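Engineer:
In structure tokens form, the structure reads like this:
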């Protein structure tokens, strides 16, 4: 082994500069964000807030179980389920044709490529843009808009779900149709089949399970979203809870919350069961 | 193999037992019945939706959204609202990363079974309650304003992220950490040097994905008074100022697109790390 | 009815040249086998003939039409007259055999007929007859994912038979079949071509099958046509040179030769190795 010769300049960690820079940038950005978000944790311990909160939480137990409130709860639960189911059904009706239009697996012009390629690309881009637009606005905003336009009630919730989830389902359907095996569809199109024929004889049979599975998962999400939309007047458990909380009735609110949690569990189980049957 | 003879029937046709799975048929029927029942139960007067009167009302309602209010003063306020919404979502997600990460450790079984059960229960409770409900509760605890929204997002998202992080921790191989422990390292150090690097990239990806979701939610939480674009939107819609509402909706869309793009870029840059 | 390729060339997106300077003319009702080593461009040639690929150079005439000058609906009608047997049948596993075979006529059926047939197959007898020619009639209502690879390949052939095309293109249609079944399946394709006067172009890996069943042989190598001759004029020397890249070993199935094959020609070739199937 060689004896150590004169030591050169100390080795520097190449990542050091970058890490310091990153940390400083994050700190600089964090401060204004904290201010904007009015991040004042001490407000939690403010006397008046604590008092109200204690009263509210104190009222949480026992949960209200009077017969008339239970009747309200049952009605609200059924209403929530109905809103979710009807909403997803409408969303499917919107999403399925849009997905068929947006998917590249049904493009005849891409074979070759043949005539009509540019108009095909343009159509698909427009449809995808529409789907994105439907998705980008949160469903509760749609619900608020529909409530203003149609009045309070579950109709607004159903439409809001139909629109937003139509966008979500449409995008995922199109992706599922493209990500699977597209050779059967292509083979049928090359044999002169119509797009509808290729869709039902080749794309759907191959992707049916995944499509159904995602739809059931979205139904589960729709149940939760229906509750949330109730806060803007679209009916169901959410509206009930909103009313209870506005009256600071902790007992009623906790009843509704418990029922909601139970509903979520049931929906989860049902969804898992259906997806198992489809497999 | 036989050559086709015109009009030959050849072997007799096999018995046509349409062996479509009975379960599938029952399921399809059940789902169809549920859908019909749902519409019937709601008994929404859809005809009212399509009557000429309500179409006219809706048409007028929609028309009032255009043109949006683009005056500099209001644009400034919309921009401020957007920044506030962004701040709420970001701080909320950051808090959730910390809280979720901390809860993920017991939830992954690092501190024994009772702790695991308790942590999992806590995480499930946190994530089952929707953000809006948390926000309504936080408004009571912390007063109106964006702080309530931040807390609501933090609470809900820590449940979501905590569970994802717990699963990542459970799936990570224990070999490297065990090797360091056997070499005498302290438990925390062994965890930090061996397991943490394995789960960090995925963890950041999950957090960024939740940030995208939280931006949408933060806008919405304003409906219960949690500040930002949502609160402004709710306010202007209740006093029927559709032009301002339209501007706020566009601001919401822009914010969502921008954060989606940013998050997508960041996640793409992370990708080689755990390829 | 005829096919004409003139100076056709096709380059893949990654710059790889699949075929170059290919010229080929067929009269209606002719039967041609395309042979050559792997990567020779046989599949690309068939895809160009099937209007599935647009060549970068040269002209194509399929069934007396220039497919790339046609409008969309005329192109679709043309494609309905072309039947392609793929090496790996593009059939969704969940479909039942009857539906998979009936899908052959989707080019002719209207949208409503197609949908109705999904619920209740409209021409079960026709599907049964097509499958019977390939010895699969007893599996008519089984799902395709219950079949072996060879059986699935035969379903692909049955679908094309049901389609009744004017041009039959087959890309290694019997690669998954054992020698006896493969021989019989090629025989079915040839019989279909004879009965209906349809043109048949088939790429085959087993040279002896090509020699037995086809009166005309086209040899391809490295994207170009090396020879295009009546079968009796093809010598084992030419074949060995064609497969020079694969060690001059001719892939054969080892079935008994007969018919158009010149048994004497092949007997002179000492380097013949049976395929391991």
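Residue numbers (my numbering), protein chains in the order written: chain Z, 1 to 279; chain C, 1001 to 1275; chain U, 2001 to 2277. Glycine included, every Cβ here is placed at the ideal spot set by N, Cα and C. Because the structure is a prediction, the values reported are computed rather than measured.
What is the C-beta distance between residue 2173 of chain U and residue 2189 of chain U, in whole angstroms, given that I count them as a contact (C-beta under 8 Å)?
Structural biologist: Position 173 of the third chain holds residue 2173 of chain U. Position 189 of the third chain holds residue 2189 of chain U. Contact flag correct, Cβ pair sits at about 7 Å.
Engineer: Excluding the 5 residues preceding and the 5 following residue 1141 of chain C in the sequence, name in chain order all residues of the same chain whose CB lies nearer than 6 Å to its CB.
Structural biologist: Translated into positions along the second chain, residue 1141 of chain C becomes position 141. Same-chain partners within the cutoff: there are none.
Engineer: Just the C-alpha distance for residue 1008 of chain C and residue 2130 of chain U, rounded to the nearest angstrom, thanks.
Structural biologist: Residue mapping note: residue 1008 of chain C aligns to position 8 of the second chain, counting from 1. Residue mapping note: residue 2130 of chain U aligns to position 130 of the third chain, counting from 1. Caution applies to residue 1008 of chain C, whose pLDDT of 43 falls short of 50 and renders its modelled position unreliable; the model cannot decide the point.
Engineer: Out of U:2193, U:2147, U:2161, U:2159, state which residue places its alpha-carbon closest to the alpha-carbon of residue 2177 of chain U.
Structural biologist: Here residue 2177 of chain U refers to the residue found at position 177 when the third chain is read from its first residue. The shortest C-alpha separation from residue 2177 of chain U is found at U:2147.
Engineer: Residues of chain Z with a CB under 8 Å from the CB of residue 1041 of chain C: which are they?
Structural biologist: For this step, residue 1041 of chain C is matched to residue 41 along the second chain. Within 8 Å Cβ-Cβ: 78, 79, 82.
Engineer: Rounded to the nearest angstrom, how far is the Cβ of residue 103 of chain Z from that of residue 177 of chain Z, given a contact under 8 Å?
Structural biologist: Your numbering for residue 103 of chain Z matches position 103 in the first chain. Your numbering for residue 177 of chain Z matches position 177 in the first chain. So it is a contact: roughly 4 Å between Cβ atoms.
Engineer: Using a Cβ-Cβ distance under 8 Å, would residue 38 of chain Z count as near chain C?
Structural biologist: Taking the first chain and counting its residues from 1, one reaches residue 38 of chain Z at position 38. Yes, residue 38 of chain Z counts as interfacial toward chain C.
Engineer: Should residue 1217 of chain C go down as buried or exposed, given a rule of 16 or more other Cβ atoms within 10 Å for buried?
Structural biologist: For the purposes of this step, residue 1217 of chain C is taken as the residue at position 217 of the second chain. It counts as buried.
Engineer: Tell me whether residue 2025 of chain U is buried or exposed, calling it buried when 16 or more other Cβ atoms sit within 10 Å of its Cβ.
Structural biologist: Translated into positions along the third chain, residue 2025 of chain U becomes position 25. Its Cβ having fewer than 16 others within 10 Å, residue 2025 of chain U is exposed.
Engineer: Nearest CA to the CA of residue 169 of chain Z: which residue from Z:66, Z:135, Z:180, Z:50?
Structural biologist: As a first step, residue 169 of chain Z is located in the first chain; it is residue number 169 there, counting from the start. It is Z:135 whose Cα lies nearest to the Cα of residue 169 of chain Z.
Engineer: Let me check understanding here. Comparing Cα to Cα, which of C:1173, C:1229, C:1137 lies closest to residue 49 of chain Z?
Structural biologist: One-based indexing of the first chain puts residue 49 of chain Z at position 49. For the residues C:1173, C:1229, C:1137, the minimum Cα distance to residue 49 of chain Z belongs to C:1137.
Engineer: Return the chain-ordered list of same chain residues with a C-beta closer than 6 Å to the C-beta of residue 2219 of chain U, the five sequence neighbours on each side being excluded.
Structural biologist: Counted from its first residue, the third chain places residue 2219 of chain U at position 219. If we look at residue 2219 of chain U and ignore the five residues flanking it on each side, its Cβ neighbours are 2035, 2036, 2226, 2227, 2242.
Engineer: At a CB-CB cut-off below 7 Å, which residues of chain Z make contact with residue 1216 of chain C?
Structural biologist: The residue labelled residue 1216 of chain C in the question sits at position 216 within the second chain. Those are 138, listed as they occur along chain Z.
Engineer: Enumerated in chain order, which unbroken segments of the beta strand (DSSP E) with a length of 3 residues or greater are wholly contained in the region 1104-1178 of chain C?
Structural biologist: Correct list: empty.
Engineer: Grab the span of the alpha helix (DSSP H) containing residue 32 of chain Z for me, first residue to last.
Structural biologist: Taking the first chain and counting its residues from 1, one reaches residue 32 of chain Z at position 32. Its alpha helix (DSSP H) spans residues 14-36.
Engineer: Listed from N- to C-terminal order along the chain, which residues in the region 188-216 of chain Z have their beta-carbon within a distance smaller than 9 Å of any beta-carbon of chain U?
Structural biologist: Per Cβ criterion, the list reads 188, 189, 190, 191, 192, 193, 194, 195, 196, 197, 198, 200, 201, 202, 203, 204, 205, 206, 207, 208, 209.
Engineer: Starting from residue 184 of chain Z, find everything on chain U with Cβ-Cβ shorter than 8 Å and list it in chain order.
Structural biologist: Translated into the one-based positions of the first chain, residue 184 of chain Z becomes position 184. Neighbours of residue 184 of chain Z on chain U, chain order: 2090, 2091, 2092.
Engineer: Looking at residue 2046 of chain U: is its Cβ nearer than 8 Å to the Cβ of residue 2175 of chain U?
Structural biologist: Indexing the third chain from 1 puts residue 2046 of chain U at position 46. Indexing the third chain from 1 puts residue 2175 of chain U at position 175. It is not a contact, given that the beta carbons lie outside the stated cut-off.
Engineer: Do residue 144 of chain Z and residue 232 of chain Z have their CB atoms nearer than 8 Å?
Structural biologist: Position 144 of the first chain, counted from the first residue, corresponds to residue 144 of chain Z. Position 232 of the first chain, counted from the first residue, corresponds to residue 232 of chain Z. Yes, these two residues count as a Cβ contact at 8 Å.
Engineer: Which chain Z residues are close to residue 2126 of chain U, counting only those with a beta carbon under 7 Å from its beta carbon?
Structural biologist: Translated into the one-based positions of the third chain, residue 2126 of chain U becomes position 126. Simply none; closest approach about 16 Å.
Engineer: Would a check of beta-carbon distances place residue 33 of chain Z closer than 8 Å to chain C?
Structural biologist: Here residue 33 of chain Z refers to the residue found at position 33 of the first chain. Cβ-Cβ to chain C under 8 Å: yes for residue 33 of chain Z.
Engineer: Less than 8 Å between CB atoms is the rule here; does residue 2012 of chain U satisfy it with respect to chain Z?
Structural biologist: Taking the first residue of the third chain as position 1, residue 2012 of chain U is located at position 12. Taking Cβ atoms only, chain Z never reaches closer than 8 Å to residue 2012 of chain U, which makes this a no.
Engineer: Which of helix, strand or coil does DSSP assign to residue 1246 of chain C?
Structural biologist: By one-based count along the second chain, residue 1246 of chain C stands at place 246. In the structure shown, residue 1246 of chain C sits in a helix (DSSP, three-state: H, G or I).
Engineer: Please go through the same chain and pick out, in chain order, the residues whose beta-carbon is closer than 6 Å to the beta-carbon of residue 1160 of chain C, but skip the five residues on each side of it.
Structural biologist: Position 160 of the second chain, counting from 1, holds the residue named residue 1160 of chain C. Closer than 6 Å at the Cβ level, and outside the excluded window around residue 1160 of chain C, lie 1127.
Engineer: Would you call the CB atoms of residue 207 of chain Z and residue 180 of chain Z closer than 8 Å?
Structural biologist: Residue 207 of chain Z sits at position 207 when you count from the first residue of the first chain. Residue 180 of chain Z sits at position 180 when you count from the first residue of the first chain. Yes, they are a contact pair.
Engineer: So if DSSP puts residue 233 of chain Z in a beta bridge, which residue, or which two residues, is it bridged to?
Structural biologist: Numbered from its first residue, the first chain carries residue 233 of chain Z at position 233. DSSP output for residue 233 of chain Z lists no bridge partner at all.
Engineer: Might you give, ordered along the chain, the residues of its own chain that have their beta carbon closer than 8 Å to the beta carbon of residue 271 of chain Z, omitting 5 neighbours on each side?
Structural biologist: As a working mapping, residue 271 of chain Z is identified with position 271 in the first chain. Excluding positions up to five away in sequence, the list reads 216, 217, 219, 220.
Engineer: State the Cα-Cα distance for the pair residue 2086 of chain U and residue 1027 of chain C, rounded to the nearest angstrom.
Structural biologist: Translated into the one-based positions of the third chain, residue 2086 of chain U becomes position 86. Translated into the one-based positions of the second chain, residue 1027 of chain C becomes position 27. Roughly 36 Å between the two C-alpha positions.
Engineer: Counting contacts by CB-CB distance shorter than 8 Å, is residue 276 of chain Z in contact with chain U?
Structural biologist: Here residue 276 of chain Z refers to the residue found at position 276 of the first chain. No, residue 276 of chain Z does not count as interfacial toward chain U.
Engineer: Looking at chain C, which residues of the region 150-174 of chain Z have a Cβ within less than 8 Å of any of its Cβ atoms?
Structural biologist: If the cut-off is 8 Å between Cβ atoms, the region 150-174 of chain Z has 150, 153, 154, 155, 158 near chain C.
Engineer: For residue 2199 of chain U, list the residues DSSP reports as bridge partners.
Structural biologist: Here residue 2199 of chain U is taken as the residue at index 199 of the third chain, counted from 1. Partner(s): U:2167.
Engineer: Cα-Cα, which of U:2077, U:2230, U:2061, U:2222 is closest to residue 2246 of chain U?
Structural biologist: Counting from one through the third chain, the residue named residue 2246 of chain U turns up at place 246. Considering only alpha carbons, the answer is U:2222.
Engineer: Please report how far the alpha carbon of residue 1162 of chain C lies from the alpha carbon of residue 1169 of chain C, in whole angstroms.
Structural biologist: Taking the first residue of the second chain as position 1, residue 1162 of chain C is located at position 162. Taking the first residue of the second chain as position 1, residue 1169 of chain C is located at position 169. So the alpha carbons of these two residues sit roughly 10 Å apart.
Engineer: Using a Cβ-Cβ cut-off of 8 Å, state whether residue 1160 of chain C counts as contacting chain Z.
Structural biologist: As a first step, residue 1160 of chain C must be located in the second chain, where it is residue number 160. Chain Z contact via Cβ: absent.
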